[in-house]
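Under numbering that gives the first Met the number 0, the sequence shown has 132 at position 133, and the numbering climbs by one with no breaks. Backbone N, C-alpha and C define an ideal beta-carbon position, used for all residues, glycine too.
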Amino acid sequence: MSKDLLFELVTHTPEETEAAGARLARLMEDRAELPAFVALYGDLGVGKTAFVRGFASVTSPGSAVRSPTFALVNEYDARLTVQHFDMYRVSGWDDLYSTGFFDYLDTDNVLVIEWSENIDGALPENTIYVHMEKGETETERIVTIEGI
């Protein structure tokens, strides 16, 4: 299946990166056919957690979003439950199974996954892909969002 560009933008502050995450969450709410899996790609410090903070501000208002680096998964629960994964330390199938990731695939929750490049082969076919990269300045970020 081909991926359709949902939107692309350039951010200059963490707040603008959060706004990009909020924009995706609103788009997913408006277009119910969009999948409930969001795969984040990008280097360390590119703003993935800021993006999730913005996303959760729409889906789970009031949630204290933080990187789940050591917990592996954080849950934000309000009117919609979001499971926020960090796959930074996952280096193979055994690691992935030990996270319990596959158990979450059969829920009605939204899964937002940081460091998705580490689990590419395990992502569901119906995934939204968020590619984040550093731009020309220290704070500039290019955010590209594609979906099925």
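Asked	Found
Among Ala55, Thr143, Asn117 and Asp3, which has the Cα closest to the Cα of Ala24?	Ala55
Return the CA-CA distance between Tyr75 and Ser59, expressed in angstroms with no decimal places.	6 Å
For Ala190, list the residues DSSP reports as bridge partners.	Examination of residue 190 is not possible in this model, given that the chain is present from 0 through 147 alone.
Considering Cα atoms alone, identify which of Phe36, Met131 and Arg78 is closest to Val109.	Phe36
If Asp85 sits next to Leu71, beta carbons under 8 Å apart, how far is it from one beta carbon to the other, in whole angstroms?	6 Å
Using DSSP with H/G/I as helix, E/B as strand and the rest coil, what is Thr136?	coil
For the alpha helix (DSSP H) containing Val89, name the first residue and the last one.	No alpha helix (DSSP H) contains Val89, which DSSP labels as neither H nor E.
Once the 5 residues before and after Glu113 are set aside, which same chain residues still bring their CB inside 6 Å of it?	Leu39, Lys47 and Asp85
Pull up the distance between the alpha-carbon of Ser62 and that of Glu124, whole angstroms please.	28 Å
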